[in-house]
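Residue numbers (my numbering): 9 to 615.
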């Protein structure tokens, strides 16, 4: 074979400064896996500080020499030339903070400001400067926020927008975000919800097609993987936004919808003989084994078993403290810990199963492939559950995933996390092959960030902190769209935005505000409360009469017992003292109508 690198190309190196020779303009960088590269700065590259959405460009070109201190982590984008065994000329440097140990995304307000910018973008894109009218909502949103010609309103993307707006309200207390969340929830209940009185369940349409004043219901999924079926994950994500809104308002109608949807899961998706939940049912008989389902008949997967927890179930438990939801969570995570690991054959979990839990290695696009983010999502959610009910199996699996994944799922050269890879190597292959491409999706960066943040915040470890910082660095450097707003769907391996097809969109079947807002909300919680020992404010707006015993539960997530307590409470901007600081509950006043509650939480100890 000819020389593997006998041509020039542009690329990115993510690394730690080993040394810098100012006179020779040579920088020595070490990647996260210990390889060293020599980088020439002789061409006077530009330099900048990483910046948040809505922040101006922060030029650091005049400070390069003083900032290249040993140990600092940074990104260098440049050109590789094949001459003399290889030469890399830097063109752009991105620093993550002003000091060598500073990471701007660890600032207390970083993620809160980011979720505000996201909320403003999606509110403007969907409703402009007019009233919040969900008849104007569209699933597809172009790069700059304009709507496409498609008039479809998907239930799940509305729910995901609602989730983001409710989360933005929780962090900021801005009424305009809660207005969107509540109106979106009402729209879902009126247009997408089906109440089946005979079966005593609720299910949700895939969406509706709007044409002027008329609408056409889309009963079954229009998505290619699930066409003409009712997939479990669509029913799950229909609850995501309303339940996050329920945490803010305590609207009992939302809880009733969730309970009725869970009854749907238990009646028609649950397998009482082999355990777990089926991924699809047919729309006529609500049967999981009907032949019309084709290759989706009697199948189980990550989405049908695991997605309950992050999408709605943890938040439903946080809002209620109800033991039945805790039991459901425990069942979910016991199933994951028991069925998904496959470490005798692959460093990646198994994600698709037949009814008897044997492995389905020939299903549709997935075949015997791993979605990198699903592995990380399991680790993140296992550690959340471990704070509610600690089990060795939960922590052991989460730690194992955290230790294994960087070498097989991350890009140790450029930073960031890959998408879909083959679960096993073939022949003499030394690395796990990409299924289609080496691009990186926004939501998989989220899973990495949250997995390593919560691992560091609960069990500690410098390796977990390093992975969390590297993942946050890549996301905030390359995924934030400083020109149009919000975040990109995909970037190339080097971090350059990939803007073709549906991946050019800011709203699609796959993308709304959910993952980017969830990241902001929980990265703020983990960074501030678990890792850096900072207080945080959270906002609620319930009607006391709608809450059992007028008790408002304010825990921001499933955190280790005793790690956080209430420092102070304000109701309608006045100090209020009827709260249980350790139980993270507020007994609201005996009044009619909604009250505004601001709760300040304080970490009990800095890790």
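Note that the Cβ used here is the ideal one computed from N, Cα and C, for glycine as well.
Handout entry: Chain-order list of residues whose beta-carbon lies under 6 Å from that of residue 486 (same chain, five-residue window excluded)
Key = 499 and 503
- Closest to residue 519 by CA distance: which of 128, 111, 168 and 356 is it? 168
Q. Touch check for the segment 442-452 and the segment 416-429: three-plus C-beta pairs under 8 Å?
A. yes
Identify the continuous beta strand (DSSP E) that holds residue 593 and give its terminal residues.
593-595
Q) What three-state label does DSSP hand residue 349 in the structure shown? A) coil
Exercise for review: Round the Cβ separation of residue 407 and residue 467 to the nearest angstrom and send it over; I've been treating them as touching at under 8 Å.
Suggested key: 7 Å
Could you say which of 232, 412, 22 and 585 lies nearest to residue 606 if we only look at CA atoms?
585
### Task
State buried or exposed for residue 437, treating a residue as buried only when at least 16 other CB atoms are found within 10 Å of its CB.
exposed
message: Contact between the segment 359-375 and the segment 589-602 is defined here as three or more beta-carbon pairs at a separation below 8 Å; is this criterion met?
response: no
TODO: Return yes when the C-beta of residue 486 is under 8 Å from any heavy atom of the ligand HEM, and no when it is not.
DONE: In terms of ligand content, the structure shown is empty, and the ligand HEM therefore cannot be addressed.
**Prompt:** Per DSSP, what kind of secondary structure is residue 177 in: helix, strand or coil?
**Reply:** helix
| field | Meets three-Cβ-pair contact criterion under 8 Å: the segment 291-311 and the segment 320-337 | value | no
Closer than 7 Å by C-beta to residue 287: which residues in its own chain qualify, once you throw out the five before and the five after it? Chain order, please.
-> 239, 240, 304, 307, 308, 309, 311 and 312
Is there contact between the segment 262-278 and the segment 200-216, where contact requires at least three CB pairs shorter than 8 Å?
yes
Only counting the same chain, and skipping five residues up and downstream in sequence, which positions put a Cβ closer than 6 Å to that of residue 395? 566, 567 and 568
### Query
Residues in its own chain within less than 7 Å of residue 329 by CB, not counting five upstream and five downstream?
561
- prompt: CA-CA distance, residue 338 and residue 278?
  reply: 15 Å
- [ ] Quick one: grab the DSSP three-state call for residue 432.
- [x] coil
Original post:
Pick from 441, 138, 174 and 225: whose alpha carbon is nearest that of residue 202?
Top reply: 225
Point to revise | Helix, strand or coil at residue 147 [DSSP, three-state] | key: coil
Member of 440, 106, 90 and 232 whose CA lies at the smallest distance from the CA of residue 55:
106
First and last residue of the uninterrupted alpha helix (DSSP H) at residue 457:
450-467
- Message: Going by C-alpha to C-alpha distance, which of 188, 109 and 151 sits closest to residue 141?
- Response: 188
| request: Could you round the C-beta distance between residue 165 and residue 515 to whole angstroms and report it? I think they count as a contact, below 8 Å. | output: 7 Å
Exercise for the section: Express the C-alpha separation of residue 152 and residue 506 in angstroms, rounding to a whole number. Expected result: 15 Å
| message | Quick check on residue 611: does DSSP put it in helix, strand or coil? | response | strand
According to DSSP, residue 46 sits in a beta bridge with which residue or residues?
36
>> Residues in the same chain with beta-carbon distance under 6 Å from residue 512, minus the five sequence neighbours each way, listed in chain order, please.
In response: 151
Handout entry: Same chain, Cβ closer than 8 Å to residue 615, neighbours up to 5 away in sequence not counted
Key = Low per-residue confidence applies at residue 615: pLDDT is 45, beneath 50, and the placement is therefore not dependable enough to give any value.
| field | Minimum length 4: unbroken alpha helix (DSSP H) runs contained in the segment 265-341 | value | 310-314 and 322-328
Next item on the list: Could you check how far apart the C-beta atoms of residue 612 and residue 570 are, in whole angstroms? I think they sit under 8 Å.
Entry: 6 Å
Check your understanding: Are there 16 or more other CB atoms within 10 angstroms of the CB of residue 61, so buried, or fewer, so exposed?
Key -> buried
Quiz item: Among the residues of its own chain, which have a CB less than 7 Å from the CB of residue 455, if the five just before and after it don't count?
Solution: 381, 384, 385 and 388
request  = State whether the segment 528-535 contacts the segment 575-583, with contact taken as three or more CB pairs (one from each stretch) at a distance under 8 Å.
outcome  = no
Check your understanding: Where residue 371 and residue 377 are concerned, what is the direct C-alpha to C-alpha distance, given to the nearest angstrom?
Key -> 10 Å
### Task
Whole angstroms is fine: what's the gap from residue 589's alpha carbon to residue 574's?
4 Å
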